[in-house]
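All remarks here apply to the structure that follows.
Residue numbers (the working numbering), protein chains in the order written: chain A, 148 to 451; chain B, 15 to 488.
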């Protein structure tokens, strides 16, 4: 029993399970002994039991074979050996130290040994070169459907909040190394909330200016006021021209691609409350070789 | 069902048993079935030879560069001669099991335990083991005498030879069985090089041990104590079912007599009470006690009794296949509604299975709609839904297929080329988006149909429906 368990629970349930298990085994043993002796009032061996089915079908009270009785005792022996080897008696871990997690890890290890060399072979080729290898892309596609499609979609087309990976527009840069870094180490795209600083009116103004950046019409008074605020608060990340900076993961605001949505209302929401985008790190989870294949696949999508 | 109440009887516990337990749990008394010759023994020999020949032989049969019958569990592909089945075809297997169960009902209603007496693996392997036992240990009487005597070198040698032969045959049986699941030629090579995998070793030993234990030691006890079919067969019997019966009207009173003595004047029936019918019985019962659940319908007692009748110059059939109705002096209808119904259903199901398999399309199309979004709009204003298609070519050849979609006007798929080549036996995952101008959507949830059709064979085609979600424009 480890410290965490001990500090949260008493020893009662541990003992309870042990007592129940042992008592049940003993009860089984007693039951076999008890029922293997004839009792008064029972029909004798060789006589019919007295029951009749379908008018004439009778059954003799015949003995079971001896080895049948041994099978019952065998199950008791089996359970005792099992309980000694495997966890079953309360928190007792068993002599084999078997755990489900251990079993899982063992299977992952076996799979890694089997498929590892295959991934390693592909990992030796640079991404840009590997992106023309149809076999590598096939493997990459399967990995993508397994690990990435949940957020980015099976076709890598993205959904609001999770970027489209096939449109050639990149938050952190579309070079193979950048893609690989995004997969291995993850990304945190933090847009701070500006509502408290700009106030409602300020947010409306900046919204109007941002709408005009992508070539749309907005209230000119609001937009020109917003331009001033943009120059002092937003340019640090989104740049003087609003085209974004890949070092910060700050999106380009002048095109028609919007991570969270491009309607004036949603833009206003983004400015007011901020946004927190999170691409998790996959270095420990997938390993570099699989990430290499994924980067190759994602890179190949932008070449189409 | 009118089974005689004198029916069920197992070898009773010895009455002088001291230990109380022995009253309820009897020590096993070995049954020594005497060798028998005759028409039914020959039928069984035929059954044993054909069935064991098929079992040991088919495993080695090649077909188109592979094993003819191979159940490849890791790859989930089941090769049966020219056909390759996938887990998706499990339906056919269930169908086959229904046919098997129905034919069991049919044959049981018609002639009792035909399966048990001539075709059951338990009977078939036991016959083979008995044959070895007789070759090594001699006749029934010699076996009984040897088992009663103390252990001598000669006895030990005979027993050792028998068990060695049994074990060798059992291991070969286990090996053959595993050979249906992992290619038997490779298996035999790794077996000779002692490089079997742990699971292969386990299953060879497991099935080898099961064969040795069941056919060598347990024998009739499997039928009496373990087999559920033995117990529920009475539900399929009726008074017109052919069963093996002793004709007590003709046979009783029993008694020995000299050849040529007129039984009627001696006050005897035709049964000379030679007990040969009991000696040949593989389950150790006396058929003269009436129909019993232990009787596996092997008809060894018929063969034995007919031989005796020949010697006594009496007519055959003191023990014979007959029905309860005939025995009671009533008319027997072999072709009765139950049998006719079974025949019709069995024929229909068998025909249906053969037809369905012949019409089977070795192509599978599964559509999984992406769960991370309902729909999205492209910069061009089209509405897009994303799917992962699983395309499975279950055929023997590489095929080119054309993928198309219908159901909404002007819908297009994000495909470089609508022609997709899939090698034999490959499962292709195809992420795909379907786009349409939202003006054609008159409801938010629409049914569309994906069709996958072989380029050079229009019959090789699958169509599956899918949901397409989008906004309604008004």
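The C-beta atom is built at its ideal place from N, Cα and C for all residues, glycine as well.
Test: residue i CB closer than 9 Å to a CB of chain A
i	result
residue 86(B)	no
residue 173(B)	no
residue 386(B)	yes
residue 247(B)	no
residue 390(B)	yes
residue 413(B)	no
residue 22(B)	With a pLDDT of only 41 at residue 22(B), under the threshold of 50, the placement of this residue in the model should not be trusted, and no figure is reported.
residue 72(B)	no
residue 136(B)	no
residue 103(B)	no
residue 161(B)	no
residue 393(B)	yes
Boundaries (first-last residue) of the alpha helix (DSSP H) holding residue i
i	result
residue 436(A)	435-450
residue 442(B)	Where residue 442(B) is concerned, there is no enclosing alpha helix (DSSP H), although the beta strand (DSSP E) it sits in stretches over 441-450.
residue 355(B)	351-372
residue 435(B)	Segment 433-436 is the beta strand (DSSP E) holding residue 435(B); no alpha helix (DSSP H) there.
residue 330(A)	323-332
residue 383(B)	No alpha helix (DSSP H) holds residue 383(B); the beta strand (DSSP E) holding it covers 377-383.
residue 152(B)	Run containing residue 152(B): none; DSSP gives neither H nor E here.
Residue-chain proximity (residue i, chain B), Cβ-Cβ < 9 Å
i	result
residue 192(A)	yes
residue 258(A)	no
residue 204(A)	yes
residue 404(A)	yes
residue 281(A)	no
residue 306(A)	yes
residue 399(A)	no
residue 198(A)	no
residue 297(A)	yes
residue 363(A)	no
residue 262(A)	no
residue 245(A)	no
residue 318(A)	no
residue 177(A)	no
Own chain, CB closer than 8 Å to residue i, minus 5 neighbours either side, in chain order
i	result
residue 190(B)	69, 70, 73, 198
residue 458(B)	483, 484, 485, 486
residue 380(A)	341, 344, 345, 353
residue 265(B)	283, 284, 285, 302, 332
Beta-bridge pairing of residue i - partner residues as DSSP gives them
i	result
residue 268(B)	Its beta-bridge partners do not exist; DSSP assigns none.
residue 141(B)	Its beta-bridge partners do not exist; DSSP assigns none.
residue 199(A)	205(A)
residue 76(B)	81(B)
residue 460(B)	482(B)
residue 257(B)	336(B)
residue 417(B)	466(B)
residue 99(B)	92(B)
residue 233(B)	Paired residue(s): none; residue 233(B) is not in a bridge.
residue 391(B)	397(B)
residue 309(A)	306(A)
residue 427(B)	448(B)
Residue range of the beta strand (DSSP E) that includes residue i
i	result
residue 406(B)	397-407
residue 227(A)	Unbroken run through residue 227(A) is the alpha helix (DSSP H), 213-232; no beta strand (DSSP E).
residue 190(B)	Taken as a continuous stretch (DSSP letters only), residue 190(B) belongs to no beta strand (DSSP E), being part of the alpha helix (DSSP H) at 167-192.
residue 215(B)	Looking at the DSSP string, residue 215(B) is not in any beta strand (DSSP E); the run it does join, the alpha helix (DSSP H), is 212-225.
residue 423(A)	422-426
Residues near residue i by beta carbon distance below 7 Å, same chain, minus five either side
i	result
residue 19(B)	Any reading at residue 19(B) must be qualified, since the residue scores a pLDDT of 38, below 50, and its modelled position is unreliable; no value is offered.
residue 323(B)	329, 330, 332
residue 312(A)	299, 303, 305, 445, 448
residue 329(A)	319, 426
Residues that residue i contacts on chain E, provided the C-beta gap is smaller than 7 Å
i	result
residue 235(B)	Of the protein chains in the structure, A and B, none is chain E.
Closer than 8 Å: residue i CB and nearest the ligand NAP heavy atom
i	result
residue 301(B)	Among the components modelled here there is no ligand, and therefore nothing to report on the ligand NAP.
Worksheet item: With contact counted as at least three CB pairs below 8 Å, one residue from each stretch, are the stretch 306-323 of chain B and the stretch 338-349 of chain B in contact?
Response: no
Worksheet item: With a cut-off of 8 Å, do at least 3 Cβ pairs link the stretch 108-128 of chain B to the stretch 439-449 of chain B?
Response: no
Practice prompt. Flag this pair as touching only if the stretch 384-393 of chain B and the stretch 411-418 of chain B have three or more C-beta atom pairs under 8 Å; answer yes or no.
Written response: no
Worksheet entry | Contact between the stretch 225-235 of chain B and the stretch 100-116 of chain B (3+ Cβ pairs under 8 Å) | no
Discussion item. Below 8 Å, how does it come out for the stretch 249-261 of chain B and the stretch 295-309 of chain B: are there three or more Cβ pairs, yes or no?
Written reply: Yes, since at least three Cβ pairs between the stretch 249-261 of chain B and the stretch 295-309 of chain B fall closer than 8 Å, the two stretches touch.
Worksheet item: With contact counted as at least three CB pairs below 8 Å, one residue from each stretch, are the stretch 221-230 of chain B and the stretch 80-98 of chain B in contact?
Response: In this structure the stretch 221-230 of chain B does not touch the stretch 80-98 of chain B; the number of beta carbon pairs closer than 8 Å is below three.
Discussion item. Using 8 Å as the cut-off, can you tell me whether the stretch 431-441 of chain A makes contact with the stretch 389-405 of chain A, which would need three or more C-beta pairs spanning the two stretches below that distance?
Written reply: no
Discussion item. Taking contact to mean 3 or more Cβ pairs, one atom from each stretch, closer than 8 Å, check whether the stretch 145-157 of chain B and the stretch 173-184 of chain B are in contact.
Written reply: yes
Discussion item. With three or more beta-carbon pairs closer than 8 Å as the criterion, would you say the stretch 377-386 of chain B touches the stretch 460-479 of chain B?
Written reply: yes
Discussion item. Is it the case that the stretch 51-60 of chain B contacts the stretch 396-408 of chain B, given that we only count it when at least three CB pairs across the two stretches are under 8 Å?
Written reply: At 8 Å Cβ cutoff, the stretches do not touch.
Worksheet item: Using 8 Å as the Cβ pair cut-off and three pairs as the minimum, do the stretch 196-212 of chain A and the stretch 260-279 of chain A touch?
Response: Short answer: they don't touch.
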